[in-house]
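This report concerns only the one structure given below.
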Ligand SMILES: [Zn+2]
């Protein structure tokens, strides 16, 4: 199977409970999350591209980027961890027309922290 990944930037603030960060209260702060969405399947023999690539940008922008950008993650998931953001993005996209071709979602929170959520 071939896959293609596309990255999207979403700026969010979030607030985590103290027990999630080694007992240290994380407070409210923000990240410029880079969300990588991977879709896969068989190539269209006529045009040589993955069919799921066709509407990927439009669907992710409408489903994830526009609703979340500039918002507080806690209004969408609790606890508002990057891991939960990955799960949320995956489940939201799974319900769209790219759902059958959705392979996984990677959340890049910082330069060091990345979270991957893949279908089983
Ligand atoms: Zn954070």
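Residue numbers (the numbering used here): -5 to 114.
Just so you know, even glycine gets a beta-carbon here, dropped at the ideal spot from N, CA and C.
None of the values given here were measured: they were computed from a predicted structure.
Once you ignore the five residues that flank residue 57 on each side, which residues in its own chain have a CB closer than 8 Å to its CB? Locating residue 57 in the chain shown gives position 63, counting from the first residue. Around residue 57: 86, 87 and 90.
Practice problem: Using three-state DSSP, classify residue 37 as helix, strand or coil. | Solution: In the chain shown, residue 37 corresponds to position 43, counting from 1. In this structure, residue 37 counts as coil in the three-state DSSP scheme.
* Candidates 103, 94, 102 and 84: which alpha carbon is nearest residue 111's? -> As a first step, residue 111 must be located in the chain shown, where it is residue number 117. Of 103, 94, 102 and 84, the residue nearest in Cα terms is 84.
Next on the checklist: Can you tell me whether residue 70 is helix, strand or coil according to DSSP?
Outcome noted: Walking along the chain shown from the start, residue 70 turns up at place 76. Here residue 70 sits in coil by DSSP.
Using only the alpha-carbon positions, how far apart do residue 33 and residue 26 sit? Taking the first residue of the chain shown as 1, we reach residue 33 at position 39. Taking the first residue of the chain shown as 1, we reach residue 26 at position 32. Rounded to the nearest angstrom, the two C-alpha atoms are 22 Å apart.
Cα separation between residue -1 and residue 21? Working through the chain shown from its first residue, we reach residue -1 at position 5. Working through the chain shown from its first residue, we reach residue 21 at position 27. Their backbone Cα atoms lie some 32 Å apart in a straight line.
- Task: Tell me, please, which residues DSSP counts as bridged to residue 32.
- Result: Mapped onto the chain shown, residue 32 falls at position 38. Residue 32 pairs with -1 and 98.
Can you give me the Cβ contacts of residue 81 inside the same chain, cut-off strictly under 7 Å, excluding the 5 residues immediately before and after it? If you number the chain shown from 1, residue 81 lands on position 87. Answer for residue 81: 111, listed in chain order.
request  = Write down the C-beta distance between residue 10 and residue 44 rounded to the nearest angstrom, noting that I regard them as a contact closer than 8 Å.
outcome  = The count along the chain shown starts at 1 and reaches residue 10 at position 16. The count along the chain shown starts at 1 and reaches residue 44 at position 50. Not a contact, Cβ separation roughly 36 Å.
- prompt: Among 72, 30, 39 and 55, which has the Cα closest to the Cα of residue 100?
  reply: As a first step, residue 100 must be located in the chain shown, where it is residue number 106. The option with the nearest alpha carbon to residue 100 is 30.
Is it buried or exposed, residue 8, if we count other Cβ atoms within 10 angstroms and call 16 or more buried?
Here residue 8 refers to the residue found at position 14 of the chain shown. Residue 8 is buried by the Cβ-count criterion.
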